[in-house]
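One structure below.
There are 2 protein chains.
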Amino acid sequence: MATAAVPTVLQLLQSNSLPGLVQVEIEQLILRGELASGQHVNESELASRFGTSRGPIREALRALEESRLVRSEKNRGVFVREISVAEADEIYDIREALDQLIGQRVAECATTEQLRGLKAVVAEMDDAVRVQDVKGYHALNLKFHDMLVDFAGNSRLTESYRLLTKGLLLFRLRGLQDGGGFAVSNTEHKAVIAAVAARDSSRAGRLLRQHAVESRARMHRAAAAAVAE
Amino acid sequence: MATAAVPTVLQLLQSNSLPGLVQVEIEQLILRGELASGQHVNESELASRFGTSRGPIREALRALEESRLVRSEKNRGVFVREISVAEADEIYDIREALDQLIGQRVAECATTEQLRGLKAVVAEMDDAVRVQDVKGYHALNLKFHDMLVDFAGNSRLTESYRLLTKGLLLFRLRGLQDGGGFAVSNTEHKAVIAAVAARDSSRAGRLLRQHAVESRARMHRAAAAAVAE
DNA sequence: CGATTGCAGATTGTCTACAATCTGCAATCG
DNA sequence: CGATTGCAGATTGTAGACAATCTGCAATCG
Chain A
296 MATAAVPTVL QLLQSNSLPG LVQVEIEQLI LRGELASGQH VNESELASRF
346 GTSRGPIREA LRALEESRLV RSEKNRGVFV REISVAEADE IYDIREALDQ
396 LIGQRVAECA TTEQLRGLKA VVAEMDDAVR VQDVKGYHAL NLKFHDMLVD
446 FAGNSRLTES YRLLTKGLLL FRLRGLQDGG GFAVSNTEHK AVIAAVAARD
496 SSRAGRLLRQ HAVESRARMH RAAAAAVAE
Chain B
296 MATAAVPTVL QLLQSNSLPG LVQVEIEQLI LRGELASGQH VNESELASRF
346 GTSRGPIREA LRALEESRLV RSEKNRGVFV REISVAEADE IYDIREALDQ
396 LIGQRVAECA TTEQLRGLKA VVAEMDDAVR VQDVKGYHAL NLKFHDMLVD
446 FAGNSRLTES YRLLTKGLLL FRLRGLQDGG GFAVSNTEHK AVIAAVAARD
496 SSRAGRLLRQ HAVESRARMH RAAAAAVAE
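Going line by line, the protein sequences match chains A and B. Going by the numbering used here, the first sequence opens with residue 296, and the numbers climb by one from there. Going by the numbering used here, the second sequence opens with residue 296, and the numbers climb by one from there.
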């Protein structure tokens, strides 16, 4: 065995640029909520945190701005973006369309191996529901949809979809995790998987779109509850 | 009249950052073909061209990399991205889904004023067809679809759609402009407009998706012709 | 007392300089 | 003669420095 399946550390450091590494790092800070929505992002602080100068940080922030995770005000710096319900709705509009496409493609392309993987994740989610592990369910749910779009076999679609998902994550981080009934959510997952297993692309597409519609409704319920509290 | 309808130059320079301005400038260079597909982009050259240092240029290039107009190789610099037919196909897959959504939304949201604007552009395209002005038709076609997505009333959708469109422009710049029959293309436009005017959202969506499907087919014919030549 | 003005500190925007790396070409060696 | 090695020039990657701008607070004025 001459070459390892996993890229060497050497290769990683050589292929990945410093701004690129910083970018994913800052992205994690945002998505994990360590940098809160609306918060000002201090360049010097990040620079010293990552042990670099401000140049690479600024480059990373430009990329994140392009992906709409931060916004930038001249001479005032960059801020973690805040997503309003209205914008989340806009994203869901797109997501519904893409989810239909994803469902269709997965039903057409997915290997039995991949299908097995999807079923396994759904089973794990069932476990999470049983023990009321909201956080665990949330992570598995992300993984599930990530796998789905991946198995659709369209890399550009994967990029677009992940971009939108990140925007929604920004929204969820505002505290409202779930509009209730994640057990229902997983039931929907199972229906999708069944359609995929049956290679019924039209049905899989319809069901995955419907799942997005329901997700949006759950988000609205959560938002309403958050306001009422 | 205290304030002008068009933002002042002062306001523009104060709100738009230098990297932002440079970004759109470089984007134009790429989309107009002045920077050819696959070509290496020299930072210093751009810097002296725009009269700045390399810092802002690098920031702009990071943003363009995030929007997939350029790719970056460590220690070798950035290159204008080359789009293969396969990737163009991937983009069209997404575009079909989005176009359907756009058609639906426009039929629901567009004002009669906006509808009038769309008809005007279609009429201009008819003129372009009559005098065989391929270049003019192309520009009008871009404008038409840009207006459509704008009138769909979803800003995030507009962003996503334009991002994909830029990717396809990159492809068209490789020389293959048109797979024949842009007169047919405008016929499809008219059918879409008719459905929009009738406020038949489902039909408008179906027709605009179909238009994307036909566009893709035209692209394939053009690509095949380019290979055969 | 409220509004305005004028600092001091902090932060961003940009530039210049320098180290690390790559590229092409010529000289060298087998 | 083909392959390898070793520069010289060019280009990228990063750091550090400085100017421009913002922010908050205190002093001043009406």
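For each residue, glycine too, the CB sits at the ideal point set by N, CA and C. Fair warning: this is a prediction, and the values are worked out from it, not measured in the lab.
Nearest CB-CB separation between B/L341 and chain A: not below the 9 Å threshold.
At a cut-off of 9 Å between C-beta atoms, A/Q395 counts as an interface residue with respect to chain B. The DSSP assignment places no complete beta strand (DSSP E) segment of no fewer than 3 residues inside the stretch 467 to 521 of chain A. Here A/L465 is near A/I325, since their CB atoms are less than 9 Å apart.
Within the stretch 332 to 362 of chain B, the residues whose Cβ lies closer than 9 Å to some Cβ of chain A are G350, R353, E354, A355, L356, R357, A358, L359, E360, E361, S362, listed in chain order. Ranked by Cα distance from A/H484, the first of A/R494, A/Q505, A/S496 is A/Q505. Contact between B/D394 and B/L503 holds, since their C-beta atoms are separated by about 4 Å, short of 8 Å. Residues of the same chain with a CB within less than 7 Å of the CB of A/R498, apart from the 5 flanking positions on each side, are A490 in chain order.
Contact between the stretch 354 to 363 of chain B and the stretch 341 to 356 of chain A is established, with three or more Cβ pairs separated by less than 8 Å. A/I325 has a beta carbon lying at 9 Å or more from every beta carbon in chain B. The three-state reading of DSSP puts A/S367 in strand, counting E and B together. Selection B/E368, B/R425, B/S339, B/A392 evaluated against B/G500 yields B/A392 as nearest (Cα-Cα).
A/G372 carries a strand assignment under DSSP once its states are collapsed to helix, strand and coil.
Only E382, D384, E385, I386, D388, I389, E391, A392, L393, Q395, L396, R400 from the stretch 374 to 405 of chain A bring a Cβ to less than 9 Å from some Cβ of chain B.
Within the same chain, L443, F446, A447, V491, A499 come within 7 Å of B/V401 by CB-CB distance, once the 5 residues on both sides are set aside. Taking a Cβ-Cβ threshold of 9 Å, the residues of chain A close to B/S450 are E382, E385, in chain order. B/D441 is positioned such that its CB atom lies closer than 9 Å to that of B/R457. Listed along the chain, the chain B residues whose CB falls inside 8 Å of the CB of A/S312 are S367, K369. Within the stretch 475 to 501 of chain B, not one residue has a Cβ closer than 8 Å to any Cβ of chain A. Nearest C-alpha to A/N481 among A/S348, A/E320, A/Q427: A/Q427. When secondary structure is reduced to three states using DSSP, A/V336 falls in the strand class. Nearest C-alpha to A/M514 among A/F374, A/G431, A/V380: A/V380. Membership of B/V380 in the alpha helix (DSSP H) is indicated by the continuous run 380 to 404. For B/E454, at least one C-beta of chain A is nearer than 9 Å to its own C-beta. Excluding the 5 residues flanking it on each side, B/A383 has same chain C-beta neighbours closer than 7 Å at L463, F466, M514, in chain order.
Using a 10 angstroms sphere on the CB of B/A423, the tally of other CB atoms reaches 16 or more, which defines it as buried. When rounded, the separation of the alpha-carbon atoms in A/R327 and A/D421 is 24 Å. At a cut-off of 9 Å between beta carbons, B/G462 contacts chain A.
Exposure of A/E408 is indicated by the presence of fewer than 16 other C-beta atoms within 10 angstroms of its C-beta. DSSP, reduced to helix, strand and coil, places A/Q318 within a helical segment of the structure shown.
Of the residues assessed, B/G372 falls on the exposed side of the cut-off, its CB having fewer than 16 other CB atoms within 10 angstroms. For A/L435, no Cβ of chain B is located within less than 9 Å of the residue's own Cβ.
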